[in-house]
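Asks: Taken in order, these protein sequences are the chains called A and B. Per our numbering, residue 1 is the first one in the first sequence, and the count goes up by one each step. Per our numbering, residue 357 is the first one in the second sequence, and the count goes up by one each step.
2 protein chains.
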Amino acid sequence: MEYPVTGLHHITACASGAQEDLDFFTKVVGQRMIKQTILFDGRYAHYHFYYANGNAEPGTVMTTFPYKRLMGRTGSGQVQATVYTVAKGALPFWIDHFNRHRIVHRGMHERFGQKFVQFNHPCGLQFEVIEDAAERRVGWSTEEIAPAESVRGFHGPLLSVREIEEEERFFMEALGFRKTGVDGVYHRYEIGRGGAGKTIILLHEPQRPAGSWTFGAGTHHHVALSVADDEALAEQKGIYEELGYTDCSEIKDRNYFHSIYVRSPGGVLVECAATAPGGFAKDEAFNQLGSHLLLPPWFEHRREEILAMLEPIKPPEFHAPVPVEAIGASRRTEATFVAVDREPADREYVREPVTR
Amino acid sequence: MEYPVTGLHHITACASGAQEDLDFFTKVVGQRMIKQTILFDGRYAHYHFYYANGNAEPGTVMTTFPYKRLMGRTGSGQVQATVYTVAKGALPFWIDHFNRHRIVHRGMHERFGQKFVQFNHPCGLQFEVIEDAAERRVGWSTEEIAPAESVRGFHGPLLSVREIEEEERFFMEALGFRKTGVDGVYHRYEIGRGGAGKTIILLHEPQRPAGSWTFGAGTHHHVALSVADDEALAEQKGIYEELGYTDCSEIKDRNYFHSIYVRSPGGVLVECAATAPGGFAKDEAFNQLGSHLLLPPWFEHRREEILAMLEPIKPPEFHAPVPVEAIGASRRTEATFVAVDREPADREYVREPVTR
Chain A
1 MEYPVTGLHH
11 ITACASGAQE
21 DLDFFTKVVG
31 QRMIKQTILF
41 DGRYAHYHFY
51 YANGNAEPGT
61 VMTTFPYKRL
71 MGRTGSGQVQ
81 ATVYTVAKGA
91 LPFWIDHFNR
101 HRIVHRGMHE
111 RFGQKFVQFN
121 HPCGLQFEVI
131 EDAAERRVGW
141 STEEIAPAES
151 VRGFHGPLLS
161 VREIEEEERF
171 FMEALGFRKT
181 GVDGVYHRYE
191 IGRGGAGKTI
201 ILLHEPQRPA
211 GSWTFGAGTH
221 HHVALSVADD
231 EALAEQKGIY
241 EELGYTDCSE
251 IKDRNYFHSI
261 YVRSPGGVLV
271 ECAATAPGGF
281 AKDEAFNQLG
291 SHLLLPPWFE
301 HRREEILAML
311 EPIKPPEFHA
321 PVPVEAIGAS
331 RRTEATFVAV
341 DREPADREYV
351 REPVTR
Chain B
357 MEYPVTGLHH
367 ITACASGAQE
377 DLDFFTKVVG
387 QRMIKQTILF
397 DGRYAHYHFY
407 YANGNAEPGT
417 VMTTFPYKRL
427 MGRTGSGQVQ
437 ATVYTVAKGA
447 LPFWIDHFNR
457 HRIVHRGMHE
467 RFGQKFVQFN
477 HPCGLQFEVI
487 EDAAERRVGW
497 STEEIAPAES
507 VRGFHGPLLS
517 VREIEEEERF
527 FMEALGFRKT
537 GVDGVYHRYE
547 IGRGGAGKTI
557 ILLHEPQRPA
567 GSWTFGAGTH
577 HHVALSVADD
587 EALAEQKGIY
597 EELGYTDCSE
607 IKDRNYFHSI
617 YVRSPGGVLV
627 ECAATAPGGF
637 AKDEAFNQLG
647 SHLLLPPWFE
657 HRREEILAML
667 EPIKPPEFHA
677 PVPVEAIGAS
687 RRTEATFVAV
697 DREPADREYV
707 REPVTR
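1. With a CB to CB cut of under 8 Å and the five nearest residues on each side skipped, what residues in its chain are close to glutamine 474 of chain B?
2. Does chain E have any CB closer than 9 Å to the CB of glutamate 305 of chain A?
3. Taking 9 Å as the threshold (C-beta atoms), are phenylalanine 533 of chain B and isoleucine 556 of chain B in contact?
4. Could you check which residue in A:Tyr47, A:Ala52 and A:His48 has the C-alpha nearest to that of serine 150 of chain A?
5. Show which residues of chain B have a CB atom less than 8 Å away from the CB atom of serine 249 of chain A.
6. With burial defined as no fewer than 16 other Cβ atoms inside 10 Å of the residue's Cβ, what is the status of aspartate 452 of chain B: buried or exposed?
7. Would you please state the rounded distance, in angstroms, between the beta carbons of glutamate 598 of chain B and serine 615 of chain B? I believe it to be under 8 Å.
8. Whose Cβ in chain B lies nearer than 7 Å to the Cβ of glutamate 135 of chain A?
9. Does DSSP put histidine 402 of chain B in a helix, a strand or coil?
10. Which residues does DSSP pair with proline 652 of chain B in a beta bridge?
11. For the alpha helix (DSSP H) that glutamate 661 of chain B lies in, which residues bound it at each end?
12. Is glycine 316 of chain B helix, strand or coil when you go by DSSP?
13. Is the stretch 606 to 626 of chain B close to the stretch 237 to 254 of chain A, with three or more CB pairs under 8 Å?
14. Alpha carbon to alpha carbon, how far is phenylalanine 642 of chain B from glycine 386 of chain B? Give it in angstroms, no decimals.
15. Rounded to whole angstroms, what is the Cα-Cα separation between alanine 530 of chain B and glutamate 546 of chain B?
16. Shorter than 9 Å from the beta carbon of valine 680 of chain B to some beta carbon of chain A?
17. Can you list the residues of chain A that histidine 404 of chain B reaches, using a CB-CB cut of under 7 Å?
18. Since isoleucine 486 of chain B and valine 517 of chain B are thought to touch, with beta carbons under 8 Å apart, how far apart are those beta carbons, to the nearest angstrom?
19. Please return the same chain residues whose Cβ sits closer than 7 Å to the Cβ of valine 28 of chain A, not counting the five positions on each side in sequence.
20. Alpha carbon to alpha carbon, what distance is there between leucine 70 of chain A and alanine 196 of chain A?
21. So the candidates are B:Ala588, B:Thr393 and B:Glu523; which of them puts its Cα closest to the Cα of threonine 214 of chain A?
22. Does the Cβ-Cβ distance between methionine 389 of chain B and glycine 646 of chain B come in under 9 Å?
23. Does threonine 382 of chain B come out as helix, strand or coil in the three-state DSSP assignment?
24. Please list the terminal residues of the continuous alpha helix (DSSP H) segment that includes arginine 208 of chain A.
25. Does the distance from the CB of phenylalanine 280 of chain A to the CB of lysine 35 of chain A come in under 9 Å?
26. Could you tell me which residues DSSP pairs with threonine 438 of chain B in its beta bridges?
27. Jot down the residue ranges of each uninterrupted beta strand (DSSP E) in the stretch 572 to 617 of chain B, minimum 3 residues, whole runs only, in chain order.
28. Phenylalanine 655 of chain B versus chain A: which residues are under 9 Å apart at the beta carbon?
29. Hey, would you say the C-beta of lysine 314 of chain A is under 8 Å away from at least one heavy atom of the ligand COA?
30. Of all the CB atoms in chain B, is at least one closer than 9 Å to the CB of proline 321 of chain A?
31. Give the residues from the stretch 188 to 217 of chain A that approach chain B closer than 7 Å (Cβ to any Cβ), ordered along the chain.
32. Show which residues of chain A have a CB atom less than 7 Å away from the CB atom of valine 618 of chain B.
33. Report the partner residues of threonine 37 of chain A according to the DSSP bridge assignment.
34. Can you tell me whether glycine 216 of chain A is buried or exposed? The criterion is at least 16 other CB atoms within 10 Å of its CB, across all chains shown.
35. Can you tell me which of the three DSSP states aspartate 96 of chain A falls into?
36. So, using beta-carbon positions, are valine 579 of chain B and leucine 364 of chain B closer together than 9 Å?
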């Protein structure tokens with residue numbers, strides 16, 4: 001059978017400070033900031049930042065909700081780390097680079113014959129750079145990071161699960177991945193031609209307490225897989241519902257893509273996303289991507305009010321990128337915003353009651 | 357704050373044989389069969405049976421999908437047992453009754469000062485009868501079960517979870533339950549005035565492997581909580597989405613009620629349901645409830661085709677019940693049914709590939 005999913009689309013995490021996040025991704029990871037917008041759900045105004053390679057391609061897109069109001073709790077049932085590929089031989093550069101930026105890292109390790117270095121976002125989120133000789137995508141580059149050393153896009157997410165069986169069954173039966181290897185605690189699944197951007201790795205941690213599923217600083221929120229269009233989203237929703245995953249969301253209008261979300265049995269929230277006509281270039285010129293806060297049409301008339309609730313940021317200076325090919329539902333169109341995204345006095349893992 | 361949920365609405369499980377299921381609920385449990393219809397999702401034709409008290413009230417409604425095609429796997433992250441209340445002093449009757457019907461049971465035990473007996477559906481599903489002196493609801497009665505001994509409705513579901521913390525947080529923060537006690541491995545949460553029909557109990561089983569989430573014989577599928585109307589469903593969906601439960605489904609038209617579904621962090625699928633205008637009496641007279649296979653309007657023209665795919669059943673004979681008060685979205689309106697619900701030759705916990 002043909003499954004709709006073709007590979008990774010984006011990965012989303014809750015960061016903490018907005019400027020801190022922006023500096024980490026543009027200066028340390030060296031991605032291109034391709035969009036400043038806001039979280040479309042809920043009554044709190046939060047940024048939604050997008051970072052990608054120069055071409056803003058699906059499979060390279062890291063997105064964050066800077067989210068100071070609440071801390072998340074890391075644990076099993078979450079994306080444990082987002083893994084970027086780099087060229088073979090690039091890791092010594094990255095270790096020096098992390099040291100220069102005083103970024104916490106754990107040195108060089110190996111998985112499925114590929115060397116990687118795990119490093120931390122200042123808010124605690126975990127990332128990795130992994131060497132991949134087969135990587136042909138073009139990365140972004142910065143004053144410190146030359147094209148040869150740049151991150152090219154995702155290898156894939158590392159998902160921490162207490163049990164392999166049902167999560168494996170979900171990725172294989174519901175999404176069409178195939179199992180391609182086990183290396184100690186790591187179980188690898190690939191789709192399509194496999195390799196970078198087409199891989200999911202489960203990290204088996206049977207004794208690890210579950211992390212939180214709610215939005216919370218320092219935790220990944222979901223992994224998004226790429227499908228062709230709205231018809232493919234509807235088909236995937238049908239596959240989920242027939243299997244009994246009745247909670248699959250409606251098709252949501254995320255402005256730059258349309259999405260469905262479902263919870264996988266290992267605990268990770270899995271989105272399927274179909275890039276909308278125009279993609280990230282639908283509301284700003286390709287060589288200006290990420291330079292201004294953009295709101296979806298249904299919030300544009302409230303720009304002043306929303307801006308006043310967000311941490312002021314200084315976006316990165318822009319290079320002139322190569323041209324991108326133009327690529328190609330339910331939405332929250334109104335909201336009563338109730339508060340600014342401000343760090344509470346006691347910023348522990350707070351159990352904040354929902355007050356509406 | 358006011359939360360929309362007021363108590364339990366229904367609980368749904370995947371049974372195995374249709375006649376076996378019907379006999380169990382009408383003769384052993386002694387509920388009234390109030391609806392014969394079909395599962396509205398997927399490409400396989402399955403029955404959907406509803407059983408309740410005489411008044412077909414929310415909080416008494418057990419529903420099943422007889423589902424022979426696949427076995428489910430029981431485990432943590434599931435409804436472990438559905439618990440019915442009976443009058444104080446009724447348990448000796450029930451033990452005799454189970455013995456007469458050769459129903460597997462585990463004798464009398466006690467939890468939070470209430471005596472209960474756990475017993476098994478022939479397909480392995482677990483149920484309990486628990487004594488509750490405060491119970492005032494009217495049960496159904498049969499030739500073997502007098503009104504005084506009858507099950508009155510749900511006390512609530514028993515949910516098996518490996519960890520208490522995030523599941524508790526979900527029921528309290530997202531749904532408005534309050535914690536009212538711990539008794540060994542049992543953690544109790546109540547809503548509204550509490551007690552029968554307003555209670556959820558978590559069973560802490562830290563070492564128990566996770567059960568399957570897909571449809572499969574012998575496993576509970578979801579627990580449904582009651583809300584007033586579509587506006588309350590939309591409000592609850594907003595609460596979920598603001599917290600980060602982005603997978604919450606759209607509002608689905610289940611003909612007799614409208615529903616949203618979300619996965620709770622302990623693994624249990626949680627529905628919120630608002631009874632539709634007319635409720636279960638919308639398409640058959642109240643004193644005829646459950647006497648005929650009824651299809652939603654969008655499948656009625658395919659009755660012959662659907663009937664041919666279902667196990668022939670002999671519904672129970674009907675009593676004349678007391679009159680009910682009439683009480684007061686997205687749907688699957690077309691389907692290509694691909695197979696009959698027939699037990700496969702090898703009926704183990706099969707990993708059936710999705711073939712479309």
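Each residue gets a CB set at the ideal place from its N, CA and C atoms; glycine is no exception.
Replies: Judging by the given coordinates:
1. Ala437, His461, Arg462, His465, Gln482, Phe483 and Glu484
2. Checking the listed chains, one finds no chain E in this structure; the protein chains it contains are A and B.
3. yes
4. A:Ala52
5. Thr602, Asp603, Cys604, Ser605 and Glu606
6. exposed
7. Incorrect: roughly 20 Å between the Cβ atoms, too far for contact.
8. Under the 7 Å cutoff, chain B gives no residues; its nearest Cβ is about 31 Å from glutamate 135 of chain A.
9. coil
10. The partner list for proline 652 of chain B (beta bridge, DSSP) is empty, contrary to what the question assumes.
11. 659 to 664
12. Outside the displayed span of chain B (357 to 712) sits residue 316 of chain B, for which this structure offers no information.
13. yes
14. 18 Å
15. 14 Å
16. Because the pLDDT of valine 680 of chain B is 36, which lies under 50, any placement of that residue in the model is unreliable, and the question is left without a value.
17. Correct list: empty, because the minimum Cβ distance to chain A is about 13 Å.
18. Isoleucine 486 of chain B to valine 517 of chain B, Cβ: 20 Å. No contact.
19. His101 and Ile103
20. 33 Å
21. B:Glu523
22. yes
23. helix
24. Element bounds for arginine 208 of chain A: n/a, residue is neither H nor E.
25. yes
26. B:Phe483 and B:Pro513
27. 575 to 583
28. The contacting residues do not exist; phenylalanine 655 of chain B stays about 15 Å from chain A at best.
29. Ligands displayed in this structure: none; no statement on the ligand COA is therefore possible.
30. Per-residue confidence for proline 321 of chain A stands at a pLDDT of 49, beneath the threshold of 50, marking its modelled position as unreliable; the derived number appears in the next sentence. So no, proline 321 of chain A is outside the interface.
31. Pro209, Ala210, Ser212, Trp213, Thr214 and Phe215
32. Asp247
33. A:His48
34. buried
35. helix
36. yes
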